[in-house]
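Note that the working numbering has the sequence shown beginning at 363, numbered continuously upward.
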Amino acid sequence: MYDAQTLRYFLTAFEVGSFTRAAEALGVTQPSVSAAILKLEARYDGRLFERSRQGLKPTRKGQELYVQLAPVLAQLDRIEGRMLQKAPEVLRIFCQPDILLAPYAAALQALQRARWDLSLQFCDAADQSDIAFVSEECLPPRFRFFPTRRETYGLAVPQQHAFALQEEISPERLTQEPLIGRPYCPNADLFLRNMAEQAGRADQAELEVRERFAPVADAVHDHQVLDLVRAGVGIALVPKDHVAGVTGIKFVRLAGQTPQRQIGVAVRKSAHAHGLAQDLVQALISALPQQPDVS
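Pasting the structure below:
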């Protein structure tokens, strides 16, 4: 049987989808991770990953090994922590309501794999956190920003909506459509204000937003936005990635100038946060997809 370190290499590679990013997350060399995977594939007589320029795709055998292995290693970590009687360090995390955590899931798993003594605690406000998943314009004071991705906004519409038959929609056509409000999202507000200004009443932009684009519902986070769109309540302005893989919803581009945002990881500028989060944030960023959003 291989040692726990070899198995951790496999789990991290599975979670981040790349030998290189797994090595960065674990603080080892890429050949070390590749060699560990080759040993496991030889032992289990089959490939655990399909390799390509796009990254790693787990085979059926690789998926089965991950499902069986992940809870076992997690239990080993808990046993070691209890035996060492070491209190876990707490890393406080905040996530903006208009940022989905799904793209960060593998990275968070990799962090916990690398630091079994780390306890993640989610906060309601960015200024209470050590690490925050935020957009650049919402960066809290005394935080350092590490950009990870630029996102383009467009329309999320129900699959049965007339707009779903088109690839691009003129913003002027939204004035008669029921919109789902995202009051927590500055990009959505900015976009609506720009539309009001383009309508020729720049001095009454805020009033125009309320009169012409009054939402039929105000959501409290983007998961709720997508649920409301899927239910046919209305349409919404959302980042393109939010719609990827969501059944019952189609993303439609907006003609002309569309809003974008830079999202990333913010780290508090304090001795505690810096000491606790510096290496972890680097591992987190290395595990995230870095490709720019393409409309």
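For each residue, glycine too, the CB sits at the ideal point set by N, CA and C.
Keep in mind that this is a model prediction, so the values were computed, not measured.
query, result
"For Gln538 and Glu426, I'd like the C-alpha separation in whole angstroms.", "50 angstroms"
"Is Thr391 helix, strand or coil when you go by DSSP?", "coil"
"Using only alpha-carbon positions, find the residue among Ala518, Ile625, Asp479 that is nearest to Val675.", "Nothing about residue 675 can be read from this structure; the chain reaches only from 363 to 657."
"In angstroms with no decimal places, state the Cα-to-Cα distance between Ala469 and Phe411.", "18 angstroms"
"Taking 9 angstroms as the threshold (C-beta atoms), are Ser497 and Gly626 in contact?", "yes"
"How would you write the range of the alpha helix (DSSP H) that Leu588 sits in, first residue to last?", "584 to 592"
"Assuming Gly516 and Leu446 make a contact with CB atoms under 8 angstroms, what is their CB distance in whole Å?", "That belief does not hold up - the Cβ atoms of Gly516 and Leu446 are roughly 50 angstroms apart, past 8 angstroms."
"Specify the secondary structure class of Thr374 as computed by DSSP and reduced to three states.", "helix"
"With distances taken between CB atoms, is the gap from Pro540 to Pro577 smaller than 9 angstroms?", "yes"
"Please identify the residue among Leu373, Asn549, Arg623, Val629 whose C-alpha is closest to the C-alpha of Val434.", "Leu373"
"Which of helix, strand or coil does DSSP assign to Ile399?", "helix"
"Hey, would you say Leu438 sits closer than 9 angstroms to Ala366, going by beta carbons?", "yes"
"Take the Cβ of Glu406 as the centre, count every other Cβ of all protein chains shown within 10 Å, and call the residue buried at 16 or more, exposed below.", "This sequence places Tyr at residue 406; Glu is not what is there. Flag for Tyr406 reads exposed."
"Short of 6 angstroms in beta carbon distance, which residues of its chain neighbour Gly543, apart from the five on each side in sequence? Order them along the chain.", "Pro577, Asp580"
"Starting from Val605, trace the alpha helix (DSSP H) both ways and give me its first and last residue.", "602 to 605"
"State the Cα-Cα distance for the pair Gln392 and Val378, rounded to the nearest angstrom.", "13 angstroms"
"Suppose contacts are defined by Cβ-Cβ distances below 9 angstroms. Is Ala487 in contact with Phe505 by that definition?", "no"
"So for Cys500, helix, strand or coil by DSSP?", "helix"
"Can you tell me whether Glu386 is buried or exposed? The criterion is at least 16 other CB atoms within 10 Å of its CB, across all chains shown.", "buried"
"So, using beta-carbon positions, are Pro459 and Ser481 closer together than 9 angstroms?", "no"
"Check whether the Cβ atoms of Gly424 and Phe376 lie closer than 9 angstroms to each other.", "yes"
"So what does DSSP say about Gly424, is it helix, strand or coil?", "helix"
"Identify the continuous beta strand (DSSP E) that holds Ala518 and give its terminal residues.", "505 to 520"
"CA-CA distance, Thr510 and Gln624?", "8 angstroms"
"Can you give the Cα-Cα distance for Pro548 and Leu536, rounded to whole angstroms?", "19 angstroms"
"Where does Val629 sit, in a helix, a strand or coil, going by DSSP?", "strand"
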